[in-house]
Structures are given as structure tokens and as C-alpha cells.
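**Q** This structure is in C-alpha cells; I'll ask about it shortly.
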Amino acid sequence: MSIIHINDIALQVVRSARRKSIAIKIQDGKVSLHLPKLMPLWLAKQFVMRKQQWIADKLLHYQKRPPERQFVQGELQPFMGEYYPLDIVCETNRQRTHIKLEQKKLIMLAPMNVSSLQVRQTLTRWYKRQAESLLIARVKLLAEQTGLSPKQVKIKSYKARWGSCNLRGEIQLNWQLVQATQAINDYVIIHELCHLQQHNHSKAFWDLVERFDPNYREHRSWLKNHGHQLVI
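In full-length UniProt numbering, the protein residues as written are 1 to 232.
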């Protein structure tokens with residue numbers, strides 16, 4: 001891999017024999033240029049020149065993102081589209097952390113000198129338990145409403161996707177979705193349910209999604225622009 005500079009933009013060049021087209025990716029504020037193995041670099045640079053404004057806009061959006069969560073006393077934590085202050089209550093004789101949603105707060109009972117890492121791990125376990133209950137129940141309801149029923153539903157940990165549907169008719173959902181609104185959850189679930197009938201992203205697929213979620217474009221855009229807020 002090499003680095004090229006076009007005006008004020010630094011791009012890491014990544015070549016692949018399997019890639020058939022050019023792609024620009026931005027992650028953690030860094031820009032990478034993904035090319036077919038034999039594509040001339042001058043041609044790729046022309047492509048980047050045409051995309052300069054798009055890259056600048058994406059980098060600006062990244063810079064404006066809220067800071068990463070610190071998992072400290074009073075910090076707001078999202079759950080089903082609402083934000084709840086984290087109330088960490090340290091107890092002398094307590095050995096393990098425990099969290100509960102009560103009085104419009106996420107109350108965490110914890111040992112003395114609990115670390116932010118322990119708080120994060122406890123909150124993550126709590127989110128996963130909520131996802132197992134709420135997301136799976138929602139899949140069942142939407143399956144009844146759409147007539148699209150998966151063979152199995154699993155809650156998984158993903159880094160770069162919100163859900164998936166395989167050819168066996170099994171659906172997987174990212175547990176971090178439980179932090180978003182019901183409308184966002186429903187969009188992702190409907191998206192995966194529609195893959196049971198259309199295992200592609202053709203016009204027929206999106207027409208099917210729109211039948212069950214007329215505002216899917218808005219929901220898809222929200223995930224694209226704000227989904228990072230859900231990542232722990």
C-alpha cells in the first residue's frame with residue numbers, strides 16, 4: 001500500500017485483484033482509495049479529483065461528530081431513541097456491577113473504584129439482553145404484518161453492518177440497534193425480511209421495502225449519517 005496526495009487530501013491506495021471498480025472509503029477520519037490491481041494510478045487520481053468536494057464534505061461531517069462516550073457519571077446513554085443519564089452508585093460490599101433502567105435513569109450498582117471499562121462492559125451486556133428481548137419480539141410482529149417469516153433470528157455483534165439475511169432464511173441483527181428509535185429498528189428488520197423474498201438490492205427489493213416502510217429513505221439516511229452514535 002502507498003499514500004498519494006491530491007491537494008490537501010492524503011489517500012492510502014489499496015489494490016485488489018478481486019476489485020472491478022474504484023471506491024473511496026472514509027473511516028476514522030482517514031481516506032483510502034481502493035483500486036483494481038492493474039488500474040493505472042493516473043486514472044484513479046482523475047477519479048479522486050472529481051470527488052474532492054464529496055471527500056471534503058465527508059471529512060467535515062466526521063470532524064463534527066460528537067466525542068466518543070466515556071462511560072462516566074451523568075453521561076447520557078441512548079436506549080430506544082431516548083437518552084438516559086448514567087447514575088453510577090458505588091457500594092462498599094458489592095462485588096459485581098448491575099444495571100437497571102429506573103426513574104428515567106440508567107442506574108448502575110458497582111463496586112468501589114469501578115473503572116470506565118467495567119462500566120462500558122456492564123452497559124454492553126445490558127444492551128445485549130435488551131436486544132435479545134426487544135428486537136426478536138419486533139421481528140415476530142413485523143413478520144406477521146409483512147407475511148415474510150425468517151427461519152431463525154439471532155442477535156449478533158457487527159462492526160460494519162446493522163443486519164444480514166442468508167440464503168437459508170436466517171436473519172441476524174446488530175445488538176447496538178436497540179439504542180436507536182423504533183422506526184430505525186423497524187427499517188433494518190423490514191430490510192432483512194424483504195431479503196427473504198429478494199436476496200439482492202434491485203429495484204424490486206427496494207419497492208418491497210417501501211411497501212412496508214414508506215419512509216425507508218429517511219431511515220436509511222439516518223443510519224448512514226448518525227449510525228456511528230450507536231457504536232460502543
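Even glycine gets a Cβ: it sits at the ideal position worked out from N, Cα and C. Quick caveat, the model's predicted, so the values are computed rather than measured.
Taking the alpha-carbon positions, what's the Pro-214 to Phe-205 distance?
**A** What you label residue 214 is simply residue 214 of the sequence shown in a count that begins at 1. What you label residue 205 is simply residue 205 of the sequence shown in a count that begins at 1. Distance between the alpha carbons of Pro-214 and Phe-205 is about 13 angstroms.
**Q** Report the rounded CA-to-CA distance for Phe-47 versus Trp-222, giving the unit in angstroms.
**A** Locating residue 47 in the sequence shown gives position 47, counting from the first residue. Locating residue 222 in the sequence shown gives position 222, counting from the first residue. Going from the Cα of Phe-47 to the Cα of Trp-222 covers about 27 angstroms.
**Q** Identify the continuous beta strand (DSSP E) that holds Asn-174 and give its terminal residues.
**A** The residue labelled residue 174 in the question sits at position 174 within the sequence shown. Where Asn-174 is concerned, the enclosing beta strand (DSSP E) stretches over 170-174.
**Q** Using alpha carbons as the reference points, say which of Lys-156, Phe-79, Val-139, Gly-227 lies closest to Leu-148.
**A** As a first step, residue 148 is located in the sequence shown; it is residue number 148 there, counting from the start. With distances taken between Cα atoms, Leu-148 lies closest to Val-139.
**Q** How many angstroms separate the CA atom of Leu-135 from the CA atom of Leu-230?
**A** Counting from one through the sequence shown, the residue named residue 135 turns up at place 135. Counting from one through the sequence shown, the residue named residue 230 turns up at place 230. Taking the straight line from one Cα to the other gives about 15 angstroms.
**Q** I'd like to check one pair, Trp-175 with Ala-143: are the Cβ atoms closer than 7 angstroms?
**A** Here residue 143 refers to the residue found at position 143 when the sequence shown is read from its first residue. Here residue 175 refers to the residue found at position 175 when the sequence shown is read from its first residue. For Ala-143 and Trp-175, no; Cβs fall outside 7 angstroms.
**Q** Going by DSSP, what residue range makes up the beta strand (DSSP E) through Arg-15?
**A** The residue labelled residue 15 in the question sits at position 15 within the sequence shown. Element bounds for Arg-15: 9-16.
**Q** By how many angstroms is the C-alpha of Pro-40 removed from the C-alpha of Lys-156?
**A** Stepping through the sequence shown from its first residue, residue 156 is reached at position 156. Stepping through the sequence shown from its first residue, residue 40 is reached at position 40. Taking the straight line from one Cα to the other gives about 40 angstroms.
**Q** Answer with buried or exposed for Ile-190, where buried requires no fewer than 16 other C-beta atoms within 10 angstroms of its C-beta.
**A** Counting from 1 along the sequence shown, the entry for residue 190 is found at position 190. By the 10 Å Cβ count, Ile-190 comes out buried.
**Q** Would you identify the three-state DSSP class for Met-108, choosing helix, strand or coil?
**A** As a working mapping, residue 108 is identified with position 108 in the sequence shown. Note: Met-108 maps to strand in three-state DSSP.
**Q** Which word fits Pro-150, buried or exposed, when buried means at least 16 other C-beta atoms lie within 10 angstroms of its C-beta?
**A** The residue you call residue 150 lines up with position 150 of the sequence shown. By the neighbour-count rule (16 or more Cβ atoms within 10 Å), Pro-150 is buried.
**Q** Taking the runs of the beta strand (DSSP E) that are 3 residues or longer, which of them lie wholly in the segment 169-216?
**A** Listed in chain order, the complete beta strand (DSSP E) runs (minimum 3 residues) inside the segment 169-216 are 170-174.
**Q** How many Å lie between Gln-53 and Leu-60 at the Cα?
**A** Within the sequence shown, residue 53 is the residue found at index 53, counting from 1. Within the sequence shown, residue 60 is the residue found at index 60, counting from 1. For Gln-53 and Leu-60, the distance between alpha carbons rounds to 10 angstroms.
**Q** Which one or two residues does DSSP pair with Glu-102 in a beta bridge?
**A** As a working note, residue 102 is residue 102 in the sequence shown. BP columns for Glu-102 point to Lys-105.
**Q** Can you give me the C-alpha to C-alpha distance between Tyr-62 and Asn-93, rounded to a whole angstrom?
**A** As a first step, residue 62 must be located in the sequence shown, where it is residue number 62. As a first step, residue 93 must be located in the sequence shown, where it is residue number 93. Their backbone Cα atoms lie some 43 angstroms apart in a straight line.
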